[in-house]
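Okay, structure first, notes after.
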Amino acid sequence: MQQSRRSNPYPFTWEIPLMLAVTVLVLLVLGVQAGRAGANLAAGGGLSFPPRDALLTSVPGILAGDAGTGLPSGVAGRASPAAVRTWVIGTELMILVALCWAGKALWLRWGPHRVHGMASKAEAQTLLGRRRLHRVRDIIRPDLYGKDRS
């Protein structure tokens, strides 16, 4: 009902979906790198990340199971291919869960079916006070506290 009373003067354009897609892709690439770093750390190879220029180009090698792809020449990956894949999958799953949770929170907060102009019970109590809410309860909820209750 409230949705029909409101109009949005701004059309839905391509900038916001593109920003969300790029953000998700960057987080997934960083998750691959973090999974490889975790696998190397667990194998005793230390915590190391590739330089910026090898951040994207090393992803296919990492997904193939190579723990040393893209790392500087003095740093060698020590994790096995199975460990690299396991750590990458675990890291990506955690990132996807966090993205789904954030997406749901954003959708409920700013999505098209949000409730406009309604205060929560705690906000109304803070603003009006408990005594006043109790005194005017028949106006606020006439179906529960009104004089013509049957």
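Count along the sequence shown from 1, add 599, and you get the number used in this note's numbering.
Glycine included, C-beta positions come from ideal geometry on N, C-alpha and C.
Return the first residue and the last residue of the alpha helix (DSSP H) that residue i is part of.
i    : result
V658 : 658–662
R731 : 729–734
M618 : 614–641
D742 : 741–744
Suppose the cutoff is 8 Å on Cβ atoms and the five residues either side in sequence are ignored; what does the same chain contact list for residue i look like?
i    : result
M600 : Note that M600 scores 46 on pLDDT, short of 50, meaning its location in the model is unreliable; the coordinates nonetheless yield the value given after this. Result list for M600: empty, nothing under 8 Å.
I739 : L732
A663 : P680
Hey, would you say residue i sits closer than 9 Å to residue j, going by beta carbons?
i    : j    : result
I661 : V625 : no
R730 : W686 : no
K645 : A666 : The sequence given here has Gly at residue 645, not Lys. Cβ atoms of G645 and A666: not closer than 9 Å.
Which whole-angstrom value describes the C-beta separation of residue i and residue j, a residue pair presumed to lie in contact below a C-beta threshold of 8 Å?
i    : j    : result
E691 : L629 : Rounded, the Cβ-Cβ distance is 10 Å, inconsistent with contact.
E641 : A681 : Sequence inspection shows Ala at residue 641; the Glu mentioned does not correspond to that position. The Cβ separation is near 12 Å, so there is no contact.
P649 : Q632 : 7 Å
Ignore the nearest five residues each way along the sequence and tell me which others in residue i's own chain have a CB closer than 6 Å to its CB.
i    : result
S647 : L670, V674
> Counting Cβ pairs, one atom from each stretch, are 3 or more of them under 8 Å apart for the region 668–676 and the region 708–727?
Replying inline: no
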